[in-house]
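1 is the number of the first residue of the sequence shown in my numbering; add one for each residue after it. Note that beta-carbon positions come from the ideal geometry of N, C-alpha and C, so glycine has one too. This one's a predicted model, so the numbers in the text were calculated from it and none came from an experiment.
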Amino acid sequence: MENILTQYTGAFIGPVARLLGYVMNWIYMFLDSVFHIQNIGLCIIIFTVIIYLCLLPLTIRQQKFSKLTQKMQPELQAVQKKYKGKKDQASMMAMNEETQLIYQKYGISPSGSCIQLIIQMPILLALYRVIYNVPAYVSGIKDHFAPVVEGIMKTEGYQATMTKFLADIDLKLVSLNFEGTDVQAANSIIDVLYKMPVSAWNTLKDNFSNLTGVIDTLEQQLEHMNFFLGINIANAPMELIRSGWSAGQYLLVFGAILVPVLSAVTQLLNIKLMPTAAATTDNPNDTMASSMKVMNYMMPMMSFVMVFSLPVGMGIYWIAGAVIRSIQQVVINRYIEKIDLDELMKRNQEKAKKKREKKGIPENQISSAARMNTRKLSEKAVVTENKEKIRQASESTLNAKPGSLASKANLVKEYNERNNK
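Here it is in structure tokens:
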């Protein structure tokens, strides 16, 4: 993977990343102009608050779905128990029909809990592109690099010097592009300067001794812009741990480890506050509940592992997001407890009915069709079963021993068939 300063151009994530970049740039410019604060870490936290406020209506809708799901679980389990062990097509289709009728009764869709996840995933992926390459999206950050980059490109033999510098600091996933235009070359240099660890600044000054003054100025500016609680948010915790340990900066190592730890702990706290988390422990014999319980503990562990290799800014986003969701969850839980579920079911049924009527499907037609299909499928299953029993009985009588009751029955059957003919 090679990354340069140009914005991500993916067909789907690219436009989302540019939109988030505009929001991040606006937040940065607002903080700079009003409060004279230039800090990307704080921008990420404010950005997270804005995103989750926008998602609040969907969050409340999802919590209502979870509450209704808990209430209808006994009915769903009863249908599953009714058809337990029946693998024939008729039984499976009948079970699906009865399950759909239960969902219609409560006025919800089986996919109702997926909407928020579908919306959040593009935001998470696009935000990764923005945080990984902040100068490409936040013009106020990129402008600070201009004096240093201009000085580097005016230095004779800067291509070879920068290539050696990149090899010396052993910076991964970043490349220099000197084969394209001057703009591409400048962008690639900015990308290296933005991503390099703190210990590399002295190495840069040694390689470009004529630019010591402007390099010092940029380093000080980045301490205000790109550092949050003493940690460079552009670097991954794993990189900070490695560089901090080799330089004897053990406080930096502790801070880098603390980011994924806090990410996992806040995720776990958020899950504990969700009503679905409590519901999974009510019935230990429920396979779905057991799977959800495992997922609830797997997600914080995945967050812990992934944050080690992602920029610290992503860890800040996850931590801030989990804290905000936890606060929201406390408020939403109190709101949900006061909701009349019967009234909510009635409203959901009315909404579902109007949607079906717009499509030209009357309410009674759906219910009767579902019942008819279920009855016909059951009758078909019974007829098939009876035919199979008759076939098996006929085969057993054909192989009957001479003089037995079965053989006499065969004689009577043959006599009746000849008379009928």
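{"Item": "Rounded separation between Met29 and Thr181 - CA only", "Value": "29 Å"}
{"Item": "According to DSSP, residues forming a beta bridge with Ile231", "Value": "Phe228"}
{"Item": "Rounded C-alpha distance that separates Ile189 from Met345", "Value": "59 Å"}
{"Item": "Euclidean distance between Cα positions of Ile257 and Asp340", "Value": "45 Å"}
{"Item": "Separation of Ile44 from Asn235, as counted between CA atoms", "Value": "15 Å"}
{"Item": "Gln73 in three-state terms, based on DSSP", "Value": "helix"}
{"Item": "Ile245 versus Lys172: straight-line alpha-carbon distance, rounded", "Value": "One point to set straight first is that residue 245 is Trp, not Ile, in the sequence displayed. Cα to Cα, Trp245 sits roughly 18 Å from Lys172."}
{"Item": "Length of the line joining the Cα atoms of Ala90 and Ser263", "Value": "48 Å"}
{"Item": "CB contact flag (Ile46, Asn226, <7 Å)", "Value": "no"}
{"Item": "Same chain only: Cβ atoms within 8 Å of Leu193, ignoring 5 sequence neighbours per side", "Value": "Phe145, Val148, Val149, Leu204 and Leu218"}
{"Item": "As assigned by DSSP and simplified to three states, the class of Thr374", "Value": "The predicted model places Thr374 with a pLDDT of 45, which falls under 50 and marks its position as unreliable; any figure quoted below should be read in that light. Of the three classes helix, strand and coil, the one that applies to Thr374 here is helix, per DSSP."}
{"Item": "Beta-carbon gap between Ala247 and Ser199 smaller than 7 Å", "Value": "yes"}
{"Item": "Any 3 or more C-beta pairs closer than 8 Å across the segment 59-72 and the segment 309-316", "Value": "no"}
{"Item": "Boundaries of the alpha helix (DSSP H) in which Tyr317 is found, first to last residue", "Value": "Val312 to Glu337"}
{"Item": "Pairwise C-alpha distance: Gln267 and Met299", "Value": "8 Å"}
{"Item": "As assigned by DSSP and simplified to three states, the class of Tyr83", "Value": "coil"}
{"Item": "Exposure label - Ile119; buried when at least 16 CB within 10 Å", "Value": "exposed"}
{"Item": "Burial state of Met274, where buried means 16 or more other Cβ atoms lie within 10 Å", "Value": "buried"}
{"Item": "Whole-angstrom distance between Asn348 and Tyr106, CA atom to CA atom", "Value": "7 Å"}
{"Item": "Contact with chain D by Tyr297, beta-carbon distance below 7 Å", "Value": "Absence of chain D from the displayed structure is noted, only one protein chain being present."}
{"Item": "Ile152 versus Lys195, Asp206 and Ile332, residue with shortest Cα-Cα distance", "Value": "Asp206"}
{"Item": "Tyr158 versus Asn210, Arg129 and Pro122, residue with shortest Cα-Cα distance", "Value": "Asn210"}
{"Item": "Three-way DSSP call (helix, strand, coil) for Gln249 in this model", "Value": "coil"}
{"Item": "Inter-residue spacing [alpha-carbon to alpha-carbon] between Asn232 and Thr48", "Value": "19 Å"}
{"Item": "Whole-angstrom distance between Asp143 and Ser33, CA atom to CA atom", "Value": "15 Å"}
{"Item": "Assigned secondary structure, Asn340 (DSSP; H/G/I helix, E/B strand, else coil)", "Value": "Reading off the sequence, residue 340 comes out as Asp, not Asn. If DSSP states are grouped into helix, strand and coil, Asp340 belongs with coil."}
{"Item": "Through-space distance from Ile123 to Val16, alpha-carbon basis", "Value": "7 Å"}
{"Item": "Counted within 10 angstroms of its Cβ, other Cβ atoms place Leu20 as buried (16 or more) or exposed", "Value": "buried"}
{"Item": "Close-in-space but distant-in-sequence residues of the same chain around Met95 (CB under 7 Å, 5 per side omitted)", "Value": "Val79 and Tyr83"}
{"Item": "Residue nearest to Ile169 in terms of C-alpha spacing, selected from Met196, Asp191 and Val183", "Value": "Met196"}
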